[in-house]
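Protein chains in written order, with the working numbering: chain A, 1 to 336; chain B, 1001 to 1350. The beta carbon of each residue, even a glycine, is placed where N, CA and C say it ideally should be. Quick caveat: nothing in here was measured; it's all calculated off a predicted structure. First comes the structure, then the notes that go with it.
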């Protein structure tokens, strides 16, 4: 990955929620990069810090959350510490965000067109014709008839609302679009249609995508690289196909095994025992050890770093010291 | 009626009046739906949002009264259940488990409060001590420790709360649990545990479950039979492996092709349509606008659910429940003109 292709570089980012009983670290020392035109998937369970991380990247955190450490380099500029005015120039023009629930992200009392106009006028002084032309153009890009510029959000279906959010994010053809579970409120058919659409648009316009989801299987065919988060940390980061074919971290493995398959033999699955930890009362050592089938004594004491295993980064002591040879039969059985 | 049949719905219909005095319209949430649930059976009811699957659960739970059609439980029509005692008995035998475990448990009481209260209400013969023992027993069955009884809901995780939901249902010694999207709000890593619990309740406690979901893969994992709904009607039903390996209805094929599967190559899904809101519908197949195989008959005649190769079990519009022999519960039935004409339906590849 050369510097020239890198559009976003997050390094050592930590986000704290300031609480009266003490700060809670929701995102702990997260580093990753996104290249131009790349599709990065971020996967994790609720409370793993994936949404907080996105908000940190987009500089949208509000108290009690605050960035405790680290930097977010976007096209060469460190976004951490910029003023609102400086950020406004970048937001939406160079980087836009599609929120989880389009029902809440769109303003219910103004038409879609008025919201597009708002965004367009925030960056420059376009004429009325320019606004109308561009608004109609982006709606057409996502497959919605431009007559819906006059529609209010409640008049659109869930899928259309989500697609119009994406249209809005593309008003300025940004370099990076951040998406926080944009498909979670949709049915499977609409989900698939939206994923294909995002991919097509990305292909045509070349923007990079950071896509956060709790549903790993959803992005298996769409993302270039995958980052698995657990309890505020990166557990595994590598090529998507790589991770699906040969998951290394026991948590990633467990996540993949937790999905019943629609084809092949019906086999009994176990899921992952226990629950994700409370961030205010983290276990000692490896944060995953209480739920880990491979945990040994040392895992309860030593907090693992991210180790490079083959081409991927994995936070697991047992992989780092080679006490578990790779790839094991357990791993292989999973991918069959 | 087969000897193991527990519940049967015949021509079940529920309409809602919408609009105002100037524009009276009718939303057909559930239209002429017939199905049966046997003993010790998990039946998955699958469909997109707005397909009427939750309305069916509410009709079965008697939250709504049907506009037309009958529901028969253990051989007796539930419409005939009038007295408070009988109503109570029915709601104990057919309890619901809700989607949102954060909203369905009273947050101001300890978890045991709900279980003990429903035990007192539904099984008044138990003494206080027996109630506590029974609460501990059902908590054990759903995989929660006895210490959990004393906890407050906020101390529990989503998965634990949903187990409490099943424990509450189980305390009433149910025959059929209506589970409306019980795992869709839970994290992926703990969903499987709940699905396994449902299978255990069937196998060890002899409970039937109507599992309402939009997730075909999880339906395949636990269910014995599958009912696919589209726009208030049943599109296809049958033993789950049968339906999923040989889907006959174009809509079932579309649903199957859209399920994300990391282990298979990405299938082509060109469909960008959406399920219709069924307001004052005209006759015809409700899927025809999205169906690549639609023929003339699809826009004029509503297809009826029938076993392929067998004559249609009933004619469209014959609202009479009596005198019509219901199709075999285990039969693979489909409501599609093209499939019934004997053609090989391949609308969407999966």
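Task: Paired residues, beta bridge with residue 1307 (chain B) - DSSP - done: B:1333
TODO: Within its chain, find whatever has a CB closer than 7 Å to the CB of residue 302 (chain A); leave out the 5 residues flanking it on each side and keep chain order.
DONE: 285 and 317
TODO: Report the option in B:1147, B:1097 and B:1026 whose CA atom is closest to the CA atom of residue 1279 (chain B).
DONE: B:1026
Task: Classification of residue 281 (chain A) by the beta-carbon crowding that lies within 10 angstroms, buried from 16 upward - done: exposed
Task: is_contact[residue 272 (chain A), chain B] using C-beta, thresh 8 Å - done: yes
- [ ] Could you list which residues in chain A have their beta carbon closer than 7 Å to that of residue 1261 (chain B), in chain order?
- [x] 217, 261, 262 and 263
Open item on the list: Need the endpoints of the alpha helix (DSSP H) that residue 112 (chain A) sits in, please.
Closed with: 112 to 121
Task: Bridge-paired residues (DSSP) for residue 209 (chain A) - done: A:39 and A:177
Open item on the list: Strictly under 8 Å for the Cβ-Cβ distance: is residue 1191 (chain B) near chain A by that measure?
Closed with: yes
Open item on the list: Going by beta-carbon coordinates alone, are residue 1036 (chain B) and residue 1232 (chain B) separated by less than 8 Å?
Closed with: no
- [ ] Check the Cβ-Cβ distances between residue 1249 (chain B) and every residue of chain A, and say whether any is below 8 Å.
- [x] no
- [ ] Compute the beta-carbon to beta-carbon distance between residue 98 (chain A) and residue 10 (chain A), rounded to the nearest angstrom, for a pair I have assumed lies under 8 Å.
- [x] Not confirmed; about 19 Å, so no contact.
Open item on the list: So that I know if they touch, is there some Cβ in chain A lying closer than 8 Å to that of residue 1157 (chain B)?
Closed with: yes
Open item on the list: Can you give me the C-alpha to C-alpha distance between residue 205 (chain A) and residue 96 (chain A), rounded to a whole angstrom?
Closed with: 14 Å
TODO: Identify each residue in the segment 1205 to 1239 of chain B for which the Cβ-Cβ distance to at least one residue of chain A is less than 7 Å, and report them in chain order.
DONE: 1214, 1216, 1217, 1218, 1220 and 1221
TODO: Please look up how many angstroms separate the CB atoms of residue 176 (chain A) and residue 34 (chain A), rounded, as I've assumed it's under 8 Å.
DONE: 7 Å
- [ ] Taking residue 201 (chain A) as the query, report the chain B residues whose CB atoms sit under 7 Å from its CB, ordered along the chain.
- [x] What residue 201 (chain A) touches in chain B: nothing, since even the nearest Cβ is about 14 Å away.
Open item on the list: So residue 106 (chain A) contacts chain B; which residues on that side make the cut at Cβ distance below 7 Å?
Closed with: Neighbours of residue 106 (chain A) on chain B: none; closest Cβ ~18 Å, over 7 Å.
Open item on the list: Considering only their Cβ atoms, is the gap separating residue 1033 (chain B) from residue 1068 (chain B) smaller than 8 Å?
Closed with: no
Open item on the list: On the criterion of 16 or more Cβ atoms from any shown chain inside 10 Å, does residue 1345 (chain B) qualify as buried, or is it exposed?
Closed with: buried
Task: Own chain partners of residue 1128 (chain B) with C-beta closer than 8 Å, once the 5 adjacent residues on each side are dropped - done: none
Task: Sufficient close CB pairs (3 or more, under 8 Å) joining the segment 235 to 252 of chain A to the segment 1236 to 1255 of chain B - done: no
Open item on the list: Taking contact to mean 3 or more Cβ pairs, one atom from each stretch, closer than 8 Å, check whether the segment 82 to 95 of chain A and the segment 263 to 274 of chain A are in contact.
Closed with: no
Task: Pair within 8 Å by beta-carbon distance, residue 1012 (chain B) and residue 1208 (chain B) - done: no
Task: Buried/exposed call for residue 17 (chain A), threshold 16 Cβ in 10 Å - done: buried
Open item on the list: Residues of chain A with CB closer than 9 Å to the CB of residue 1258 (chain B), please, in chain order.
Closed with: 187, 188, 189, 190, 191, 192 and 193
Task: Three-state secondary structure assigned by DSSP to residue 95 (chain A) - done: strand
Open item on the list: Need the endpoints of the beta strand (DSSP E) that residue 1170 (chain B) sits in, please.
Closed with: From DSSP, residue 1170 (chain B) is part of no beta strand (DSSP E) but of the alpha helix (DSSP H) over 1158 to 1171.
- [ ] Say whether chain A places a C-beta atom closer than 8 Å to the C-beta of residue 1188 (chain B).
- [x] yes
Open item on the list: Across the segment 156 to 167 of chain A and the segment 124 to 131 of chain A, are there enough close Cβ pairs to call them in contact, namely three or more that are closer than 8 Å?
Closed with: no
- [ ] Starting from the Cα of residue 1182 (chain B), find the closest Cα among B:1115, B:1171, B:1104 and B:1268 and give me that residue.
- [x] B:1104
Open item on the list: Across the segment 192 to 199 of chain A and the segment 106 to 117 of chain A, are there enough close Cβ pairs to call them in contact, namely three or more that are closer than 8 Å?
Closed with: no
Open item on the list: Against chain A, which members of the segment 1045 to 1067 of chain B pass a CB distance test of less than 7 Å?
Closed with: 1048 and 1049
Open item on the list: Let me check one thing: in DSSP terms, what residues is residue 1234 (chain B) bridge-paired to?
Closed with: B:1229
TODO: Using DSSP bridges, identify the partner residues of residue 1102 (chain B).
DONE: BP columns for residue 1102 (chain B) are empty, so no partner.
- [ ] Under 8 Å by Cβ, that's how I've got residue 1101 (chain B) and residue 1162 (chain B) pegged, so tell me the actual separation to the nearest angstrom.
- [x] 4 Å
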